[in-house]
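Participant: Residue numbers for the sequence shown follow this note's numbering, beginning at 774 and rising by one.
Sharing a structure, written as structure tokens. Questions coming.
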Amino acid sequence: MESAKKDVRGSSERAARNDEFYRIGQVLATPLDLGMRLDRVLEQAIDLLQADRGSIMLLDEDLEELVVRASRGLQAWREFRVPLGEGIAGWVAEHGEPLILHDAVSDERFRGVNPNIKSALAVPLRVEGKVIGVLNVSTTLEEKRYDYLDMEHLISFADMAAAAIENARLYDALKREQDHLKRELLMASRVQRSIISTHVPCASIRMVSRLMPASEVGGDFFSVITLSRDSRFCFYCSSEVQDRCQNLRSEYCPDKFGVMIGDVANKGMPAALIMSVLTTLLYELGRHHISPRTILNQANTAFRRFFSESQYGFATLFYAFYDNTDNTFTYSKAGHEPPLLLRSGGSVEFLEGEGFPVGLMEDGEYQEKTVRLERGDRVLLYTDGLTGALNSKGEVLGRKRLVELVRTHVREDIESFLDTLADEIMLFTGDAPQPDDVAVMVLELEDLFDLTMTVGTDVRQIRYVINSVLETLRGFEGLKDPVTLRLCLEELLHNAMEHGNRCDLSKKVYITVKAEPRKVVIRVRDEGEGFDVNSVMATENDPTILSERGRGLTIVKHYASELRFNREGNEAVLVFTAD
């Protein structure tokens, strides 16, 4: 008989043990979300003990408090805190021992609000001997009184559940840290993009660019450096040019600017931070010096002083100075990939030059060279992430393939040219992960215009601009009604200042006029983010269009021979032809 009782007890214990394993399996089947996993653990514990309420409290080690993170039948207790050592749960957590209470309400440690609780169990949640929380269950049923066998089952279940909870808690902490890091990277990426300026003050130069970082932030950078009109560079201009600038009322020199592209060693946050310092340094040097070689020499000295102890102690760099008065492109190179000069006639040449990366050697030995650009010429500047792009076979794109791609698509307009180049690179690399960032800039010398103007975002300048354009087009056959041109220009200029630049006084509007015997082309470009051209122009048949502000583009399109926009939506091209 005694043997039979032992067999029955053994079978019961095995069944209970199997039930515990089943319930832990249910817990582990939940995602690694701390809230979901805590709810599932509590649900299984209450079901295991046939309780009608319960809670899970996790230990806040910094504050030495237990915090209710999951509850059932005690919803108002969620996030309730109990100091370590106080109450039933506080005692269990402090001593690391379970408690079974047959008359919970009369226990001096009881902190509950329900006087009907008849029996309660509280067991510690341990991971590798360390208490991480407390699991509590209770019942209000008179006939249900927990015994030590119930406590053993709950302890066994809690020991297995604690590991699942700790894994979820570690995952939750890691996820919060990753989210925090992602927010920091996003902010750093925004700061990095804000440093980059791509607006060219010279109206005869068009530029498009693309930055493709291998991580959220990287060490590749490029930018245009504008020169103040009253700077020392005006000394080099003829009196005629100075008078023209004075009449233009431009804050920036419309004929000269600097351009740079570079790559800080390595990538990620450290490289991005060094990039921001280097970019700021180059901005300052570019506003005080006309010689690219001088700028690189001083940048090299400063870089070595600032980052002598850094493992990212060098950067490749290409710096150039463009002068529209004679179309010269003067440059120096510091260990950077040589840009490609794409002549309008179809020839392609590399802009080579000697010089060590900035920060690598005390004497960079930089050379300074000058080329003269002609109408239709393009300069392709890029970082080594372009030529070093890898495909799935481990092959690099290389300079030879790059030249072939350029020759194939050089006849496309500058925007399509860069888009196609980016598409070709993506086709070459496929899904292969890329080891480095990619930065690309394309500059093109367009027509020599009859009028170029750069004005601030100031509606008071609109009348002056219109009068200057009308004066330039005096005698043009297609200009039979100046009122029509005035109306169209006023609309485009208002759009550029108000909708494009959003009335930001630090941003500029660029105007060019090219007059041919029977056609005039006027461009108005702002420094805004642009707009979706298709969505705006699709409203031209809207019967309420004349009553809505900002819809005057339809009126302009009606009076002009042609109205088109660039892809970004920040440049309008107005065409009038002589009938």
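Quick reminder that beta carbons are idealized off the backbone N, C-alpha and C, glycines included.
This structure is a prediction, so every number in the text was calculated from the model and none was measured.
Below 7 Å CB to CB, which residues in the same chain sit around Pro-1130 once its five sequence neighbours on both sides are set aside?
Facilitator: Looking up residue 1130 in the sequence shown gives position 357. Cβ neighbours of Pro-1130 beyond the five flanking positions: Phe-1087, Ala-1088, Thr-1089, Ala-1107, Gly-1108.
Participant: Are there 16 or more other CB atoms within 10 angstroms of the CB of Tyr-817, so buried, or fewer, so exposed?
Facilitator: Numbered from its first residue, the sequence shown carries residue 817 at position 44. Correcting the residue type first, residue 817 is Gln in the shown sequence and not Tyr. Its Cβ being crowded by 16 or more others within 10 Å, Gln-817 is buried.
Participant: With a CB to CB cut of under 7 Å and the five nearest residues on each side skipped, what residues in its chain are close to Pro-1065?
Facilitator: Within the sequence shown, numbered from 1, the residue matching residue 1065 stands at position 292. Result list for Pro-1065: Tyr-1092, Ala-1093, Phe-1094, Thr-1103, Tyr-1104, Ser-1105, Glu-1141, in chain order.
Participant: Label Phe-1123 either buried or exposed according to how many other C-beta atoms from any shown protein chain fall within 10 Å of its C-beta, with 16 as the threshold for buried.
Facilitator: To locate residue 1123, count along the sequence shown from 1; it is residue 350. The residue in question, Phe-1123, is exposed, as its Cβ has fewer than 16 Cβ neighbours within 10 Å.
Participant: Using the C-alpha atoms, what's the distance from Met-1199 back to Ala-1205?
Facilitator: On the sequence shown, residue 1205 is found 432 positions in, with the first residue counted as 1. On the sequence shown, residue 1199 is found 426 positions in, with the first residue counted as 1. So the alpha carbons of these two residues sit roughly 10 Å apart.
Participant: The beta strand (DSSP E) spanning Ser-982 covers which residue range?
Facilitator: Along the sequence shown, one-based indexing puts residue 982 at 209. Element bounds for Ser-982: 978-985.
Participant: Starting from Thr-1089, trace the beta strand (DSSP E) in both directions and tell me its first and last residue.
Facilitator: Counting from 1 along the sequence shown, the entry for residue 1089 is found at position 316. 1088-1096 is the span of the beta strand (DSSP E), which, as asked, contains Thr-1089.
Participant: With the cut-off set at 8 Å, would you say Val-907 and Met-830 are in Cβ contact?
Facilitator: Position 134 of the sequence shown, counted from the start, is the residue given in the question as residue 907. Position 57 of the sequence shown, counted from the start, is the residue given in the question as residue 830. The answer is yes: Cβ separation under 8 Å.
Participant: How about Ser-911 and Ser-892: are their beta carbons less than 8 Å apart?
Facilitator: Counted from its first residue, the sequence shown places residue 911 at position 138. Counted from its first residue, the sequence shown places residue 892 at position 119. Against a cut-off of 8 Å, the Cβ pair of Ser-892 and Ser-911 comes out as a contact.
Participant: Can you tell which of Gly-1301, Leu-927, Thr-1067 has the C-alpha that lies nearest to the C-alpha of Asn-1274?
Facilitator: Residue 1274 sits at position 501 when you count from the first residue of the sequence shown. Residue Gly-1301 is the option with its Cα nearest to Asn-1274.
Participant: Determine whether the beta carbon atoms of Pro-1112 and Val-1050 lie at a separation below 8 Å.
Facilitator: For the purposes of this step, residue 1112 is taken as the residue at position 339 of the sequence shown. For the purposes of this step, residue 1050 is taken as the residue at position 277 of the sequence shown. Their beta carbons are not under 8 Å apart, which means Pro-1112 does not touch Val-1050 by this criterion.
Participant: For Glu-837 versus Pro-856, is the C-beta distance shorter than 8 Å?
Facilitator: For the purposes of this step, residue 837 is identified with residue 64 of the sequence shown, where counting begins at 1. For the purposes of this step, residue 856 is identified with residue 83 of the sequence shown, where counting begins at 1. For Glu-837 and Pro-856, yes; Cβs fall inside 8 Å.
Participant: Can you give me the Cβ contacts of Val-1346 inside the same chain, cut-off strictly under 6 Å, excluding the 5 residues immediately before and after it?
Facilitator: For the purposes of this step, residue 1346 is identified with residue 573 of the sequence shown, where counting begins at 1. These residues qualify, in order along the chain: Arg-1296, Arg-1337.
Participant: DSSP three-state call for Pro-1316: helix, strand or coil?
Facilitator: Residue numbering aside, residue 1316 sits at position 543 when the sequence shown is read from its first letter. Below a pLDDT of 50, predicted positions are generally treated as unreliable, and Pro-1316, at 48, falls in that range; the measurement from the model is reported next regardless. Here Pro-1316 sits in coil by DSSP.
Participant: Measure how close the beta-carbons of Leu-1170 and Leu-1159 come, nearest whole angstrom, since I'm counting them as under 8 Å.
Facilitator: As a first step, residue 1170 must be located in the sequence shown, where it is residue number 397. As a first step, residue 1159 must be located in the sequence shown, where it is residue number 386. So it is a contact: roughly 7 Å between Cβ atoms.
Participant: Just to confirm my understanding: we take Arg-1322, look at its own chain, exclude 5 residues before and 5 after, and list those with CB closer than 8 Å. What are they?
Facilitator: The sequence position of residue 1322 within the sequence shown is 549, counting from 1. Low local confidence applies: a pLDDT of 42 at Arg-1322 is under 50, so the model's placement there is unreliable, and no value is given.
Participant: Is the separation between the beta-carbon of Asp-932 and that of Leu-894 shorter than 8 Å?
Facilitator: The sequence position of residue 932 within the sequence shown is 159, counting from 1. The sequence position of residue 894 within the sequence shown is 121, counting from 1. Not in contact: Asp-932 and Leu-894 (Cβ atoms no closer than 8 Å).
Participant: Out of Leu-1069, Arg-1174, Gly-1118, point me to the one whose CA is closest to Gly-1126's CA.
Facilitator: Here residue 1126 refers to the residue found at position 353 of the sequence shown. Nearest of Leu-1069, Arg-1174, Gly-1118 to Gly-1126, Cα basis: Leu-1069.
Participant: Return yes when the Cβ of Asp-1157 is within less than 8 Å of the Cβ of Asp-1036, no when it is not.
Facilitator: Taking the sequence shown and counting its residues from 1, one reaches residue 1036 at position 263. Taking the sequence shown and counting its residues from 1, one reaches residue 1157 at position 384. For Asp-1036 and Asp-1157, yes; Cβs fall inside 8 Å.
Participant: In this structure, does DSSP put Ala-1333 in helix, strand or coil?
Facilitator: Position 560 of the sequence shown holds residue 1333. Here Ala-1333 sits in coil by DSSP.
Participant: Could you tell me the distance, in whole angstroms, from the CA atom of Ser-1165 to the CA atom of Phe-1201?
Facilitator: As a working note, residue 1165 is residue 392 in the sequence shown. As a working note, residue 1201 is residue 428 in the sequence shown. Cα to Cα, Ser-1165 sits roughly 9 Å from Phe-1201.
Participant: May I have the straight-line CA-CA distance separating Met-980 from Gly-1229, to the nearest angstrom?
Facilitator: Translated into positions along the sequence shown, residue 980 becomes position 207. Translated into positions along the sequence shown, residue 1229 becomes position 456. C-alpha separation (whole angstroms): 20 Å.
Participant: Can you tell me which of Glu-1244, Leu-1326, Thr-1257 puts its alpha carbon nearest to the alpha carbon of Ala-1269?
Facilitator: Position 496 of the sequence shown holds residue 1269. The option with the nearest alpha carbon to Ala-1269 is Leu-1326.
Participant: Return the first residue and the last residue of the beta strand (DSSP E) that Pro-1043 is part of.
Facilitator: Here residue 1043 refers to the residue found at position 270 when the sequence shown is read from its first residue. Pro-1043 -> not in any beta strand (DSSP E); alpha helix (DSSP H) instead, spanning 1042-1059.
Participant: Measuring CB atoms only, is the stretch 1258-1267 touching the stretch 1231-1240, in the sense that at least three cross pairs come out at less than 8 Å?
Facilitator: Contact holds: three or more Cβ-Cβ distances are below 8 Å.
Participant: Ignore the nearest five residues each way along the sequence and tell me which others in Lys-1128's own chain have a CB closer than 8 Å to its CB.
Facilitator: Mapped onto the sequence shown, residue 1128 falls at position 355. This sequence places Gly at residue 1128; Lys is not what is there. Cβ neighbours of Gly-1128 beyond the five flanking positions: Leu-1069, Ser-1105, Lys-1106, Ala-1107, Gly-1108, Gly-1137, Glu-1138, Tyr-1139, Gln-1140.
Participant: Determine, using beta carbons only, whether Thr-1245 and Asp-1209 come nearer to each other than 8 Å.
Facilitator: As a position in the sequence shown, residue 1245 is number 472, starting the count at 1. As a position in the sequence shown, residue 1209 is number 436, starting the count at 1. It is not a contact, given that the beta carbons lie outside the stated cut-off.
Participant: Once DSSP output is grouped into helix, strand and coil, what is the label at Cys-1026?
Facilitator: Your numbering for residue 1026 matches position 253 in the sequence shown. Strand at Cys-1026.
Participant: If you follow the beta strand (DSSP E) that Val-1183 is part of, which residue opens it and which one closes it?
Facilitator: As a working mapping, residue 1183 is identified with position 410 in the sequence shown. Segment: none, Val-1183 is in no beta strand (DSSP E) and carries neither H nor E.
Participant: Is it buried or exposed, Lys-1281, if we count other Cβ atoms within 10 angstroms and call 16 or more buried?
Facilitator: The count along the sequence shown starts at 1 and reaches residue 1281 at position 508. Result: buried.
Participant: From the DSSP output, read off the bridge partner residues of Ala-893.
Facilitator: For the purposes of this step, residue 893 is identified with residue 120 of the sequence shown, where counting begins at 1. DSSP output for Ala-893 lists Leu-874, Ser-911 as bridge partner(s).
Participant: Taking 8 Å as the CB-CB limit, is Leu-1090 close to chain C?
Facilitator: Included in the structure is just one protein chain, with no chain C present.
Participant: Using the rule of at least 16 other Cβ atoms within 10 Å of the residue's Cβ for burial, across every protein chain shown, is Gly-902 buried or exposed?
Facilitator: Sequence index remark: in the sequence shown, residue 902 carries index 129 (1-based). By the 10 Å Cβ count, Gly-902 comes out exposed.
Participant: The alpha helix (DSSP H) spanning Tyr-1237 covers which residue range?
Facilitator: The residue you call residue 1237 lines up with position 464 of the sequence shown. Where Tyr-1237 is concerned, the enclosing alpha helix (DSSP H) stretches over 1235-1245.
Participant: Would you kindly work out how many angstroms separate the C-alpha atoms of Ser-1189 and Gln-951, rounded to a whole number?
Facilitator: Within the sequence shown, residue 1189 is the residue found at index 416, counting from 1. Within the sequence shown, residue 951 is the residue found at index 178, counting from 1. Rounded to whole angstroms, Ser-1189 to Gln-951 spans 38 Å at the Cα level.
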